[in-house]
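In what follows, a single structure is set out as structure tokens and then discussed.
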Amino acid sequence: VLDTVDLVTGPLRIGDDDLAACVSCGLCLPHCPTWRVTGDEALSPRGRITLMREVQWNSAPIDDRFIESMDTCVQCRGCETACPSGVHYGRLIEGTKSVVARHTVRWWHRLGYAQLGHHRRVLMGSSLLAVAQRAHLLPQRIVLPRLPIRRRRLTSSGTDVWLYVGCVMDAWQREVHAATVRVLEAAGAGVQIAPGGCCGALHVHAGLSTQAEAQMRAAMASMPGDASIVVNSAGCGAALKEAGHLLGTPEAQTFSARVFDVHEWLATRLDRLVDGSRAGSTAQAVRVGVQDPCHLRHVQRTHLAVRQVLAPFVTVVELDDDGLCCGAGGAFSTFHPDLASDIRARKLGSIERSATVVVASGNPGCAMHLSAAGAAVLHPMEIIDRALRGVAIAGAN
Ligand code: SF4
Ligand code: SF4
Numbered sequence: 007v008l009d010t011v012d013l014v015t016g017p018l019r020i021g022d023d024d025l026a027a028c029v030s031c032g033l034c035l036p037h038c039p040t041w042r043v044t045g046d047e048a049l050s051p052r053g054r055i056t057l058m059r060e061v062q063w064n065s066a067p068i069d070d071r072f073i074e075s076m077d078t079c080v081q082c083r084g085c086e087t088a089c090p091s092g093v094h095y096g097r098l099i100e101g102t103k104s105v106v107a108r109h110t111v112r113w114w115h116r117l118g119y120a121q122l123g124h125h126r127r128v129l130m131g132s133s134l135l136a137v138a139q140r141a142h143l144l145p146q147r148i149v150l151p152r153l154p155i156r157r158r159r160l161t162s163s164g165t166d167v168w169l170y171v172g173c174v175m176d177a178w179q180r181e182v183h184a185a186t187v188r189v190l191e192a193a194g195a196g197v198q199i200a201p202g203g204c205c206g207a208l209h210v211h212a213g214l215s216t217q218a219e220a221q222m223r224a225a226m227a228s229m230p231g232d233a234s235i236v237v238n239s240a241g242c243g244a245a246l247k248e249a250g251h252l253l254g255t256p257e258a259q260t261f262s263a264r265v266f267d268v269h270e271w272l273a274t275r276l277d278r279l280v281d282g283s284r285a286g287s288t289a290q291a292v293r294v295g296v297q298d299p300c301h302l303r304h305v306q307r308t309h310l311a312v313r314q315v316l317a318p319f320v321t322v323v324e325l326d327d328d329g330l331c332c333g334a335g336g337a338f339s340t341f342h343p344d345l346a347s348d349i350r351a352r353k354l355g356s357i358e359r360s361a362t363v364v365v366a367s368g369n370p371g372c373a374m375h376l377s378a379a380g381a382a383v384l385h386p387m388e389i390i391d392r393a394l395r396g397v398a399i400a401g402a403n
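Residue numbering for the sequence shown follows the numbering used here, beginning at 7 and increasing consecutively.
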């Protein structure tokens, strides 16, 4: 749904006002990971907007160069927060990707994305993958973290807040959910575990807008009532907060207003959490670097809350790359491994310079992407949970 839908004049599903807002100043370029590693104007935000204008306004064809330019956008939206003219780049790239998807998303990709809506299949498929992983049957090019064959069941403890558990994260990182539940309970909240399911974030990323809308409707139906919805995945939280924009209905707007990133929610209840802490000086001396997931920093814009909630427990260390994307980007690292790896190398350099023992990341995709290259990464909720329980934080990854 476009706010400026009546102004759409060309083949791309984007508004003319959004497209016209860019003044081609180039101030966003240093904040763009694909431009930083390639130096190619076509792989920069300004270059991508120029190409969109050619197609939308000047009847240029949707050719290979156009498709590559759009397909290689990580959708980190670092350009959006950097832009002094307020260009809504997220709307531009999402509308464009929904058109380009017919060239870039193969039928077997669509089949894979469709499975995310069937949570039992996701859990079973993940367990089978884990077995194949243990038997060394997976091709070497498939780089995955060690997957769990079984998962511990999560139990609801009240109805103060919903914990949204997602699809792949619930299959692969349920221990992060378990830690999140303990931290929320320590802050005094009774937690209701939402049924597993997909919010459509990966579908939006791939340009599959119809599938994304269906997933979002299912996610909304799975968490009825008016309790706050707490999310510990930056990508899912961003998608759920944008339900109103995606579906354009009053119900979706109301739903979005109930959604909070877990750090954002906890930052207003920190005193209760800190009062119950058994964290001692050992935990507080641990240097933790903070990796800002793009969907927390540039979309939800709640990344400072991560520092707020970590600060009473550990020594928070800033990375020196000004929040540049790590290259994970939904399924980006799967489809563009070389580019994703080059982008990640910059982040790894920044982590190394920070002299930290562990990096906190509030997004499962970023955590897996960085861990695959050897970085020690924990979710901030795991770090706080360990501090609260008096368990060693460093060296436990
Ligand atoms: S998107 Fe914004 S910062 Fe980037 S070139 Fe256009 S106006 Fe400048
Ligand atoms: S969303 Fe990220 S990768 Fe895409 S143009 Fe903007 S800064 Fe570059």
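C-beta atoms are modelled at their ideal positions from N, C-alpha and C, and glycine is treated no differently.
Asked, Found
"For the putative contact between Ala381 and Leu354, defined by C-beta atoms under 8 Å, what is the C-beta separation to the nearest angstrom?", "6 Å"
"At 3 residues or longer, what runs of the beta strand (DSSP E) sit wholly inside the segment 191-240?", "197-199, 234-237"
"Quick one: Cα of Glu270 to Cα of Met222, how far?", "22 Å"
"Could you compute how far the alpha carbon of Asp267 sits from the alpha carbon of Phe72?", "35 Å"
"Run the proximity test for Leu129: is its beta-carbon closer than 7 Å to any non-hydrogen atom belonging to ligand 1?", "no"
"Using CA coordinates, which residue listed in Val187, Pro67, Thr362 is at the minimum distance from Gly164?", "Val187"
"What does the alpha-carbon distance come out to for the pair His304 and Met226?", "24 Å"
"Can you tell me the Cα-Cα spacing of Asp232 and Arg264, whole angstroms?", "7 Å"
"Counting C-beta neighbours from all protein chains within 10 Å, is the total for Cys331 16 or more, i.e. buried, or is it exposed?", "buried"
"For the segment 342-351 against the segment 305-317, do three or more pairs of beta-carbon atoms, one drawn from each stretch, fall closer than 8 Å, so that the two count as touching?", "no"
"For Ala337, name the three-state secondary structure that DSSP assigns.", "coil"
"DSSP has Phe266 in a bridge; who is on the other side?", "Val236"
"Tell me the rounded alpha-carbon separation between Glu181 and Leu302.", "21 Å"
"Can we count Pro343 as close to ligand 2, meaning its CB is less than 7 Å from some heavy atom?", "no"
"Using a Cβ-Cβ cutoff of less than 7 Å, which residues in the same chain neighbour Asp298 once the five nearest sequence positions on both sides are dropped?", "His309, Gly329"
"In this structure, what does DSSP give as the bridge partners for Arg293?", "Thr321"
"Can the beta-carbon of Ala249 be found less than 8 Å from the beta-carbon of Ala258?", "yes"
"Scan the segment 78-139 and note each continuous alpha helix (DSSP H) run of 4 residues or more that stays entirely inside, going in chain order.", "84-88, 95-110, 113-121"
"DSSP on Val187, reduced to helix/strand/coil?", "helix"
"Identify, in the order they occur along the chain, each residue of the same chain with its Cβ nearer than 8 Å to the Cβ of Ala244, setting aside the five sequence neighbours on each side.", "Ala207, His301, Leu302, Val305, Gln306"
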